[in-house]
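The structure appears below as structure tokens.
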Amino acid sequence: MNLMDVQMDEFQDVAKISAMEERETMTWLEVQYSKNAINWIITDVQFKIVKIYCSLWMS
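The opening position of the sequence shown corresponds to residue 1 in UniProt numbering, with each subsequent residue numbered one higher.
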């Protein structure tokens, strides 16, 4: 996978997250992290940071 592929994957992920409702976003993030065998606990603060990042990145 080259750098362009990685950047495109990240862009698609950010676009997907920005378009989701809170519950959908939490579920999607949990699935993504569990695929990598990492157990993350996503708090409300972390969720808000992700949503703000996605909103800013997409604008």
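The beta carbon of each residue, even a glycine, is placed where N, CA and C say it ideally should be.
State the CB to CB distance for the pair residue i and residue j, rounded to an integer number of angstroms; the pair is presumed to be in contact (CB under 8 Å).
i	j	result
M58	V31	About 21 Å separates the two Cβ atoms, so there is no contact after all.
F47	M20	In fact, because the Cβ distance is near 11 Å, the residues do not count as touching under 8 Å.
In this structure, how does DSSP classify residue i when only helix, strand and coil are distinguished?
i	result
E22	helix
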